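Input: a single structure, listed below in structure tokens.
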Amino acid sequence: MPSVIYDHAQGTNSGIKAIQRFESFLDDSHNEIAKNLHESLVKIHSEIDDEVTQKLDEYESRVFELEERIKELGEELESKE
188 MPSVIYDHAQ GTNSGIKAIQ RFESFLDDSH NEIAKNLHES LVKIHSEIDD EVTQKLDEYE
248 SRVFELEERI KELGEELESK E
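Shown next as structure tokens:
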């Protein structure tokens, strides 16, 4: 009878250790998922920032060109008067 109890206890300990390993795996997976998600969000945010900066530069350049053209047209108008 004692060997049956020992075998049962050993099986129970083995099951507990398996559950603990599984919990540890879940914790590690959770941390890894969070880390990967954060890295992906940082990358996407950076790409969006780059696109916005590029568009702003394009618009600023176009505004500058239009301002210069307005000045030229104003000068032409003044010279015709």
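The numbering of the sequence shown is my numbering, which starts it at 188 and goes up by one.
Built from N, CA and C at the ideal position, the CB exists for glycine as well.
Bear in mind that the values here come from a model prediction, so they are computed numbers and not experimental data.
Whole-angstrom distance between Gln241 and Leu228, CA atom to CA atom: Cα to Cα, Leu228 sits roughly 20 Å from Gln241.
Assign Glu268 to one of three DSSP states: helix, strand, or coil. It is coil, neither helix nor strand.
Backbone CA spacing between Leu264 and Glu254 [nearest angstrom]: Computed Cα separation, rounded: 15 Å.
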